[in-house]
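Okay, so the sequence shown: first residue is 304 according to our numbering, each after it adds one.
Using N, Cα and C, we set each Cβ at its ideal position, and we do this for glycine too.
These figures come from a predicted structure and were not determined experimentally.
Please read the structure below before turning to the comments.
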Amino acid sequence: MKSVAFSRIISVSNEIKGHSAENLLETEPERSWLCRKGSPNGSVVLALETPTVVNAVRVINDHSAFVEVLAGNDGEREEKFQTLVPSSAFMNPHESRKGIDPGRERLFRREDLCPDAADKKWKFIRIVCWQPYNDGVPFGVRFVGVGSGKDEGTGKIESRGRRDSDGGKLRERSNKNDDSSGKRSRKDAETPKKRRKVRKGGARPFSRLMEDVVFVLSGMDSPRRKEIRRRATEMGASYSPDWHSDCTHLICSRRDTPEYRELKGTGKIAREEWIRACHEDGKRYPWRRYALDEDEAKMPESEEEISSRDDDDDAPTAETSAKATKRTSDDPYATDTDEDECKKPDTTDYPMPFLPDFFAGKTFYVDPGLSNCSRIERYIVAYKGILAENVTEDVEFYVTNIGGAVLQIFRKKAPKMRAVSPAWIWEVNGKSEWTSPWKFLL
Numbered sequence: 304m305k306s307v308a309f310s311r312i313i314s315v316s317n318e319i320k321g322h323s324a325e326n327l328l329e330t331e332p333e334r335s336w337l338c339r340k341g342s343p344n345g346s347v348v349l350a351l352e353t354p355t356v357v358n359a360v361r362v363i364n365d366h367s368a369f370v371e372v373l374a375g376n377d378g379e380r381e382e383k384f385q386t387l388v389p390s391s392a393f394m395n396p397h398e399s400r401k402g403i404d405p406g407r408e409r410l411f412r413r414e415d416l417c418p419d420a421a422d423k424k425w426k427f428i429r430i431v432c433w434q435p436y437n438d439g440v441p442f443g444v445r446f447v448g449v450g451s452g453k454d455e456g457t458g459k460i461e462s463r464g465r466r467d468s469d470g471g472k473l474r475e476r477s478n479k480n481d482d483s484s485g486k487r488s489r490k491d492a493e494t495p496k497k498r499r500k501v502r503k504g505g506a507r508p509f510s511r512l513m514e515d516v517v518f519v520l521s522g523m524d525s526p527r528r529k530e531i532r533r534r535a536t537e538m539g540a541s542y543s544p545d546w547h548s549d550c551t552h553l554i555c556s557r558r559d560t561p562e563y564r565e566l567k568g569t570g571k572i573a574r575e576e577w578i579r580a581c582h583e584d585g586k587r588y589p590w591r592r593y594a595l596d597e598d599e600a601k602m603p604e605s606e607e608e609i610s611s612r613d614d615d616d617d618a619p620t621a622e623t624s625a626k627a628t629k630r631t632s633d634d635p636y637a638t639d640t641d642e643d644e645c646k647k648p649d650t651t652d653y654p655m656p657f658l659p660d661f662f663a664g665k666t667f668y669v670d671p672g673l674s675n676c677s678r679i680e681r682y683i684v685a686y687k688g689i690l691a692e693n694v695t696e697d698v699e700f701y702v703t704n705i706g707g708a709v710l711q712i713f714r715k716k717a718p719k720m721r722a723v724s725p726a727w728i729w730e731v732n733g734k735s736e737w738t739s740p741w742k743f744l745l
């Protein structure tokens, strides 16, 4: 794969001293191009040495949450640029706030590029960066390389950049990387703190997971209070502004609040992460796993784990439904023994059970920053929904917990898109029926 050099900077919207866009022209760049912290976005237009058909794009990030690459033949007119690499996630909300792996590297091959733009010759490349999750750090890119050749982007573009200055290992990630999805799924399955023996207590619809919870909030600022209250009530909990005899849980972020001091040792006091974890995973975890008091967290759990579904964590599929059918066979000799487990009947020719098509014809984009992203995607596919790898004009539903600037950015690309809470997906699955998304809109 032939690497195509940039000759000059045409324009730049935003840069900071010592980290100008000129760094992107260097053969061995010592510094990144960075935008001012708190900026809504930043963009730079670079001229290619010769008009080029681009077959691959390589980006090394520097604290940006999203990066988009466009191509054009008129460097002065923004509206003339076409999307080459759709807005792609490089850091999720948690990584952005904690500064985890800010120098991530991604290689976009021919099949990842927008078809209309990948088949034309271009004179200019435009890079646009966003960091809506952390307004306290400058953001941009360390390196951008474009490749052209007959091998359709399967070769490597030689790097002119360097690895992350903090020693973080750069890694290539693809939107279709099954291995990454597997690792994320395993991570999703982990429970906080030390391993515990899980006690399962059946299942409820998502909207009833916390129907017996009456909670009070303490020690949070207004945006967080609003978020936690919304999540809890979506799961059926009732909110009370003040503690009274019917209250069951205090959701508290600090130990120095009057409510904490008053209820310590007598009430159930949990961190706000309890609500978030239950909401995002579609399960009601025992509150003690998230107890604010460390001594309380070490005590045996007094509650069972309640799922919002009737089966395990995997989304429903024809295969798993067939297994369920097999278990309810009318075989008069069916008994629960090890011998029978070893002699399960061959169900290859069994008819596949019907799966509802609740999401048929609807296109979804799932926020990669969600801790249970892969699980949500499996639900959508199981109910015949369409998954988009990037935000395009076809996307109807953006499944996320984050509002604000990033939604405004995405809505420019997808005017008909609606942002919905993951709670909608849990609700549809828990009830096994179509549920209007209106009350879950962000």
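Problem set entry | Contact set for Ser323: own chain, Cβ-Cβ below 8 Å, skip 5 residues either direction | The answer, listed in chain order, is Val315, Trp336.
Problem set entry | Length of the line joining the Cα atoms of Trp546 and Asp438 | In a straight line, the C-alpha of Trp546 is about 36 Å away from that of Asp438.
Exercise. Hey, Glu371 and Val431: beta-carbon distance below 7 Å or not?
Worked result: Here Glu371 is near Val431, since their CB atoms are less than 7 Å apart.
Exercise. How would you write the range of the beta strand (DSSP E) that Val357 sits in, first residue to last?
Worked result: The continuous stretches of beta strand (DSSP E) do not include Val357, and DSSP gives it neither H nor E.
Exercise. Under 7 Å, do Asn326 and Arg334 count as touching if we go by C-beta distance?
Worked result: Here Asn326 is near Arg334, since their CB atoms are less than 7 Å apart.
For this session: Below 6 Å CB to CB, which residues in the same chain sit around Glu730 once its five sequence neighbours on both sides are set aside?
Result: If we look at Glu730 and ignore the five residues flanking it on each side, its Cβ neighbours are Phe509, Ser510, Thr738.
Exercise. Since Leu416 and Leu387 are thought to touch, with beta carbons under 8 Å apart, how far apart are those beta carbons, to the nearest angstrom?
Worked result: Contact between Leu416 and Leu387 is confirmed by a C-beta separation of about 6 Å, below the 8 Å threshold.
Problem set entry | Short Cβ contact (7 Å threshold) for Phe384 with Ser367 | Taking C-beta atoms as the reference points, Phe384 and Ser367 fail to come closer than 7 Å.
For this session: Look up Ala540 in the DSSP assignment and say whether it is helix, strand or coil.
Result: Three-state DSSP puts Ala540 in coil, outside helix and strand.
Exercise. Smallest Cα separation from Phe662: which of Pro561, Arg678, Leu690?
Worked result: Out of Pro561, Arg678, Leu690, Leu690 has the C-alpha closest to the C-alpha of Phe662.
For this session: Compute the Euclidean distance between the alpha carbons of Arg361 and Ser610, then round it to the nearest angstrom.
Result: Using only the alpha carbons, I get a separation of about 42 Å.
For this session: Work out the CA separation of Glu606 and Lys742 for me, nearest whole Å.
Result: Glu606 has its alpha-carbon roughly 29 Å from the corresponding atom of Lys742.
Exercise. DSSP three-state call for Leu710: helix, strand or coil?
Worked result: Three-state DSSP puts Leu710 in a helix.
Problem set entry | Among Ile728, Asn693, Cys581, the one whose alpha carbon lies nearest that of Lys716 | Per the C-alpha coordinates, the member of Ile728, Asn693, Cys581 positioned closest to Lys716 is Asn693.
For this session: Indicate the three-state DSSP secondary structure (helix, strand or coil) for Pro389 in the structure shown.
Result: The answer is strand: DSSP assigns Pro389 an E or B state.
For this session: Pick out whichever of Glu537, Glu565, Pro718 has its Cα sitting closest to the Cα of Pro740.
Result: Nearest of Glu537, Glu565, Pro718 to Pro740, Cα basis: Glu537.
Exercise. For Trp336, is the beta carbon positioned less than 6 Å from some heavy atom of the ligand PLP?
Worked result: Inclusion of the ligand PLP in the displayed structure is not the case, the ligand content being empty and no account of it being possible.
Exercise. Can the beta-carbon of Ile531 be found closer than 7 Å to that of Ile572?
Worked result: Result no, Cβ atoms of Ile531 and Ile572 do not sit closer than 7 Å.
For this session: Spell out the partners DSSP gives Thr560 in its beta bridges.
Result: In the DSSP secondary-structure assignment, Thr560 is not bridged to any residue.
Exercise. So His397 is in the beta strand (DSSP E); what residue range does that whole segment cover?
Worked result: Per DSSP, His397 belongs to no beta strand (DSSP E); it is in the alpha helix (DSSP H), 396-401.
Exercise. Rounded to whole angstroms, how far is the Cβ of Ala580 from the Cβ of Tyr588, which I believe are closer than 8 Å?
Worked result: Between Tyr588 and Ala580 the Cβ distance is about 6 Å, and since that is below 8 Å, they are a contact.
For this session: Count the other C-beta atoms from every protein chain shown that fall within 10 angstroms of the C-beta of Gln711, then say buried if there are 16 or more, exposed otherwise.
Result: Looking at its Cβ environment, which holds fewer than 16 other Cβ atoms inside 10 Å, Gln711 is exposed.
Exercise. With distances taken from CA atoms, which of Thr666, Gly672, Pro405 is nearest Asn704?
Worked result: The residue from Thr666, Gly672, Pro405 with its alpha-carbon nearest to that of Asn704 is Gly672.
Exercise. Which residue's Cα is closest to the Cα of Ser310: Thr355, Asp596, Leu595, Pro603?
Worked result: Answer by Cα proximity: Thr355.
Exercise. Is Gly375 helix, strand or coil by DSSP?
Worked result: Residue state for Gly375 is assigned as strand, using DSSP reduced to three classes.
For this session: Could you check which residue in Phe369, Lys586, Asp596 has the C-alpha nearest to that of Thr569?
Result: Considering only alpha carbons, the answer is Asp596.
For this session: Quick one: residues in its chain with C-beta nearer than 6 Å to the C-beta of Ser399, no 5 flanking neighbours on either side, listed in chain order?
Result: Sequence-distant partners of Ser399 (beyond 5 residues in either direction) whose C-beta falls short of 6 Å from its own C-beta, in its chain, are Ala368, Tyr436, Asn437.
Exercise. Going by the CB atoms, is the gap between Lys687 and Asp670 shorter than 7 Å?
Worked result: In terms of Cβ geometry, Asp670 and Lys687 do not form a close pair [threshold 7 Å].
For this session: Provide the residue span of the alpha helix (DSSP H) that contains Ser342, from first to last.
Result: Unbroken run through Ser342: none, as it is neither H nor E.
Exercise. Which word fits His397, buried or exposed, when buried means at least 16 other C-beta atoms lie within 10 angstroms of its C-beta?
Worked result: In summary, His397 is exposed, with fewer than 16 beta-carbon neighbours lying within 10 Å of its beta-carbon over all protein chains present.
Exercise. Taking only runs of the alpha helix (DSSP H) that begin and end inside the stretch 404-439, which ones reach a length of at least 4 residues, in chain order?
Worked result: Runs of the alpha helix (DSSP H) lying entirely within the stretch 404-439, each at least 4 residues long, are 418-421 in chain order.
Problem set entry | C-alpha distance - Glu576 paired with Ser390, whole-angstrom precision | Glu576 and Ser390: Cα-Cα distance of roughly 29 Å.
Exercise. For Ser314, which three-state DSSP category applies?
Worked result: Looking at Ser314 - three-state DSSP - the assignment turns out to be strand.
For this session: State the DSSP-derived secondary structure class of Asp365, mapped to helix, strand or coil.
Result: In the displayed model, Asp365 falls within a strand according to three-state DSSP.
For this session: Have a look at Lys423 and Ser342 and give me their C-alpha separation to the nearest angstrom.
Result: Looking at the two C-alpha atoms, the distance is approximately 32 Å.
Exercise. Can you name the residues that DSSP bridges to Lys586?
Worked result: Within the DSSP secondary-structure output, Lys586 pairs in a beta bridge with Ser610.
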